[in-house]
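When we follow numbering that gives the first Met the number 0, the leftmost residue of the sequence shown carries the number 0, and every step to the right adds one. Here is the structure we will look at, set down as structure tokens.
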Amino acid sequence: MTWNPDPDEFPTRAVTTMRPASASTVTKLIVPLAAGAGVAVVLGVYGKVHTPTGIAVSVAGFSGPLQVKVWLATVAIVFAVVQLVTALAMWGKLPLRGAWVSPVHRWSGRIAFVLTIPVVVHCLYALGFATYDTRTLAHSLLGCVFFGVFTTKMLVLTKHGLAGWVLPLFGGAVFAALVGVWATSALWFFSTSGVQF
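See the structure below:
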């Protein structure tokens, strides 16, 4: 299935035609996959070889940098859920219609991503690639995977004639990686330390 959006109809529904995955789809995915893998590896290597400074961005009104990190990640998850819901609507899986769906989808994704930037700066620069226990290792790996898959998804968006499963697959992978990052950090923090600001 290939997704062929009509600019006039896109805000209300996604237009699809059936087409099996082809060698063309695989070929068009090589560069985005390589770029995404490169981003993930570079982040992981930097986090591992960089000596953590312990210094991180703090925001007035929060008791510390860790609280800033968990709340930014939590708000990013909220916007990611909005993006998931609007994506399902654009694909006709939810009964939401209107010209607002597409812009809300795009902007919720942009906002979610921007909110992750101070979090990754905190994680990589102040803490590094942590392997203290299973949770911190999973968090470090998922953080690298999130930015790698995000890179791949953004590059896939520029490709035409891909099989219809490609964009939902990478969009779902971005969402799943972000949820994993959040669960191994913010959710863990809230469940062990309570809700703090």
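Glycine included, C-beta positions come from ideal geometry on N, C-alpha and C.
Limits of the alpha helix (DSSP H) - the one that residue i falls within
| i | result |
| --- | --- |
| residue 176 | 165-181 |
| residue 197 | Look at the range of the chain in this structure, 0 to 196, and you will see that residue 197 is not part of it. |
Helix, strand or coil at residue i [DSSP, three-state]
| i | result |
| --- | --- |
| residue 162 | strand |
| residue 37 | helix |
| residue 184 | helix |
| residue 195 | coil |
| residue 63 | coil |
| residue 31 | helix |
| residue 52 | coil |
Cβ distance (whole Å) where residue i is taken to contact residue j below 8 Å
| i | j | result |
| --- | --- | --- |
| residue 81 | residue 103 | 7 Å |
| residue 68 | residue 161 | Not quite, the Cβ-Cβ distance comes to about 35 Å (not below 8 Å), so this is no contact. |
| residue 46 | residue 125 | Contact flag wrong, Cβ pair sits at about 11 Å. |
| residue 30 | residue 177 | About 23 Å separates the two Cβ atoms, so there is no contact after all. |
| residue 114 | residue 183 | At roughly 17 Å, the Cβ-Cβ gap does not stay under 8 Å, so residue 114 and residue 183 are not in contact. |
| residue 148 | residue 169 | 6 Å |
| residue 138 | residue 180 | 6 Å |
| residue 35 | residue 150 | 4 Å |
Buried/exposed call for residue i, threshold 16 Cβ in 10 Å
| i | result |
| --- | --- |
| residue 159 | exposed |
| residue 195 | exposed |
| residue 63 | exposed |
| residue 70 | buried |
| residue 111 | buried |
| residue 123 | buried |
| residue 43 | buried |
| residue 97 | exposed |
| residue 13 | Here residue 13 scores only 43 on pLDDT, less than 50, and its place in the model is too uncertain to base an answer on. |
Cβ-heavy atom distance, residue i to the ligand ZN, below 7 Å
| i | result |
| --- | --- |
| residue 146 | The model on display carries no ligand, and the ligand ZN is accordingly not part of it. |
Check your understanding: Which runs of the beta strand (DSSP E), 3 residues or longer, sit entirely within the stretch 88-157?
Key -> none
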